[in-house]
Structures are given as C-alpha cells and as structure tokens.
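Residue numbers are given in numbering that gives the first Met the number 0: position 29 of the sequence shown equals residue 28, and the series is strictly consecutive. Think of the CB as a built atom: it goes at the ideal place given N, C-alpha and C, for glycine as much as any other residue. Quick caveat, the model's predicted, so the values are computed rather than measured. Everything on this sheet refers to the single structure shown next.
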Amino acid sequence: METVDGADDCTGATIMTEPLVLQQCRRQQGYSTPELNEKLYLHHLGFAKVGGLAAFTGCVVLYLDHNALSDLAGLEALTRLDSLYLSCNALSYLESLPHLPALRTLDVSHNQIVTLRGLDKAAPLLQTLLAGHNRLQRLDGVQGLSRLLSLDVSHNCLEHEKTSACLHGHRATLRTLLLHGNELCRHTPHHRKRWIAAFPALRFLDDYPVFDDERARAEAFTRGGAAAEAEIRSAQHARAVAEARRQFAYYGDFRDAQRDARRRNGAETRPTPYFLAHGTPVNATVAPGDDDEPIYIPAARDVTVHQDPLRL
Numbered sequence: 000m001e002t003v004d005g006a007d008d009c010t011g012a013t014i015m016t017e018p019l020v021l022q023q024c025r026r027q028q029g030y031s032t033p034e035l036n037e038k039l040y041l042h043h044l045g046f047a048k049v050g051g052l053a054a055f056t057g058c059v060v061l062y063l064d065h066n067a068l069s070d071l072a073g074l075e076a077l078t079r080l081d082s083l084y085l086s087c088n089a090l091s092y093l094e095s096l097p098h099l100p101a102l103r104t105l106d107v108s109h110n111q112i113v114t115l116r117g118l119d120k121a122a123p124l125l126q127t128l129l130a131g132h133n134r135l136q137r138l139d140g141v142q143g144l145s146r147l148l149s150l151d152v153s154h155n156c157l158e159h160e161k162t163s164a165c166l167h168g169h170r171a172t173l174r175t176l177l178l179h180g181n182e183l184c185r186h187t188p189h190h191r192k193r194w195i196a197a198f199p200a201l202r203f204l205d206d207y208p209v210f211d212d213e214r215a216r217a218e219a220f221t222r223g224g225a226a227a228e229a230e231i232r233s234a235q236h237a238r239a240v241a242e243a244r245r246q247f248a249y250y251g252d253f254r255d256a257q258r259d260a261r262r263r264n265g266a267e268t269r270p271t272p273y274f275l276a277h278g279t280p281v282n283a284t285v286a287p288g289d290d291d292e293p294i295y296i297p298a299a300r301d302v303t304v305h306q307d308p309l310r311l
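Right under this line is the structure:
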C-alpha cells in the first residue's frame, strides 16, 4: 500500500482529510488550490471513510478504488463529478451515495453489494454501471436510470429470468449487458438468444459482440423456434456464398483484363495508381552514388484510383 502522511483512527484506517488529499494532488502533479483539481487519485490508501472533499468542487473524475469504504457520505460537494470508481471496497449498499447530478460512470465492482436501491435517485444521468462481482439478487434501483447504456452485473447471485423485468424500460437504449457468472445464465434455456431478441439496441452481450446475423437468428428463434432459426441461417449462408462468388468473379475479370493489357501494350514500368495513391507524394531526385543513375520519384497528381464496387 502506498504510504501517506495522514493520521490513523482507532481501527488503523487512514483518515481522509483535506491536507492529505492535497498531498496526493501534488504527488500526481495536481494543483495546491483544491477546486482546480479535476481528477483525484485516492486509491490504494486505506481509507475507511470519505472526508475532506468539500473544497474540491471542480472534481470530475474520482478514483477511490481499493480502499476500505463502507459508506459514501462525504461526496455531496462534488456536483460536477462525472466518473466515480469504487471497486474493491467494503460496500454493501448504495443508499448512502449522495445526489450526484452529473455522474455518468459508476464502478462499484468487487464489493459485497446486495441491492442497488436508491441509485436511480442519486445518479439520474448514469450511463455506465459496473457492478460485477457483488451479491446482487435483484436489480432494483436500475429501473429509473433512463439514460443507462452499459450494465455489468456479471458474477452476482441473479437466478431468475424475471430479473429482466427491471430492464424493460431500457430495451431501446441498452447497448452493453454483462450477465455471465450468474445462475440465471445456467438455468435459462437459450438465454443469449432470448436476451438479444428482447433488447434491440444491444451490441455486446457477455463475452461476445452481437452482430446483425446473430440478431436475425435470435429474433427468428423467439418467433418460430429452431426451425425458423435454421431457415434464417440457411438464407444467410446462401447470401455469403453468393457474395464470395461475386467477389471472386469480379477480381478474376479484373486480373484477366490486366493480363490482356500487358499482352497488347507490354509490361508497364511507370508507378501504378495504387502506388501513387498510397505512397509518399514527393518529387525527389535520389543522390547518385559512384555507379548509380538518378532515380525520379513522381508525385501523385490527377490519379484515378480504382474503387471497389463492393465498398460503395
């Protein structure tokens, strides 16, 4: 643990005071004027209680991870706070979190949190919530987070699919959802397909991204079961094969055309359009050696570059 010049309370924990926080600011190349510090690095310092932050009203990012915090009172003055990192502490509840009107990112992973109740009132603009590796059994407190985009509740104690009821209000906006490590994933048949179909804006679920083809198969599965999914999969495979053949034919025709041109006109010694478009456009004459002739490197001017029709 990094040593700090602060007093210890009767439990042996370091007491967070304004002079100690300013000391950390100076160590991190910060300012001696509290309100000028936009980032506070107070992690790995053994704090058991938040304090001494009343003057740091300009703080935007606060690192308090890897301490011994069990209560979050003392953050009230940080009304500009955008990102708060509290992982690896001793938190069981978030009800002590004060109202932080600008907070958009909250990391409370690797704690002992059993409920998220009160979070929607404390951080109404929250967009990213990292709450993995806790003891959550429900997702109460998430319903009111109307701007939530990313949610990590992996490795908790979520067991029932009805947990998703708390997220129904985020169906059109939630982009990232991490659920792995919960009993919910093991006990719910085809949970990935069902969650992809239920959240149309989802772009990342657990360990893998959600691509358009997978979404189409998941939606077909929820509508018509395995038969409908197989039909969509077959159609996707047919389209992929047809596209590969079209590209192969296109480049084959292009190759044959270039071969015919070489037979008619002979081999070309001038730079190709690709070289001119991607090389360094300079006019330069290389200094000759004893036995070398000058080499002229042309600049790229008025060059028509071949456009791949597949990328239009």
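Burial check for Leu35: the Cβ neighbour count within 10 Å stays below 16, so the residue is exposed. Contact between Ile112 and Leu135 holds: CB atoms are separated by about 6 Å, below the 8 Å threshold. Residue environment for Tyr207: exposed (fewer than 16 other C-beta atoms within 10 angstroms of its C-beta).
In the DSSP assignment, the residues bridged to Lys38 are Val60.
Fully contained in the segment 111 to 183 are the following alpha helix (DSSP H) runs of length 4 or more, in chain order: 118 to 121.
Below 8 Å, too few C-beta pairs join the segment 18 to 25 and the segment 64 to 74 to call them touching: fewer than three.
Leaving aside the five residues that flank His65 on each side, the residues in its chain whose CB is nearer than 7 Å to its CB run, in chain order, His42, His43, Cys87. DSSP, reduced to helix, strand and coil, places Asp259 within a helical segment of the structure shown. At the C-beta level, Glu158 and Leu183 come within 9 Å of one another. Less than 9 Å separates the beta-carbon of Gly117 from that of Tyr92.
Below 8 Å, too few C-beta pairs join the segment 216 to 228 and the segment 249 to 258 to call them touching: fewer than three. Its chain contains Trp194, Ala197 as the residues whose beta carbon lies nearer than 8 Å to that of Ser163, once the 5 sequence neighbours on both sides are disregarded; these appear in chain order.
Taking the Cα positions, Ala237 is about 10 Å away from Ile231.
Just measuring C-alpha positions, the residue of Asp139, Arg146, Asn181 sitting nearest Cys156 is Asn181. Of the other Cβ atoms in all chains shown, 16 or more fall within 10 Å of the Cβ of Val49; this residue is therefore buried. Excluding five sequence positions before and after Leu39, the CB atoms of its chain that fall closer than 6 Å to its own CB belong to Cys58, Leu61, given in chain order. Taking 4 residues as the minimum length, the alpha helix (DSSP H) runs contained wholly in the segment 204 to 275 are 211 to 264, in order along the chain. Per DSSP, reduced to three states, the secondary structure at Leu77 is coil, with no helix or strand assignment. In the DSSP secondary-structure assignment, Asp106 is bridged to Tyr84, Leu129. Residue Leu204 holds the alpha-carbon nearest to the alpha-carbon of Leu177 among Arg137, Leu204, Gln27.
Using a Cβ distance threshold of 9 Å, Arg79 and Ala101 count as a contacting pair.
The criterion of a C-beta distance shorter than 9 Å is satisfied by Leu105 and Ala122.
Counting along the chain, the unbroken alpha helix (DSSP H) around Pro18 starts and ends at 17 to 26. The beta carbon of His154 is closer than 6 Å to those of Gly131, His132, Gly180 in its chain, skipping five residues each way along the sequence.
Under the DSSP definition of a beta bridge, Phe46 partners with Thr13. Counting along the chain, His190 sits inside the alpha helix (DSSP H) bounded by residues 190 to 197. Gly265 and Gly278 have their alpha carbons spaced roughly 24 Å apart. When rounded, the separation of the alpha-carbon atoms in Thr114 and Glu94 is 9 Å.
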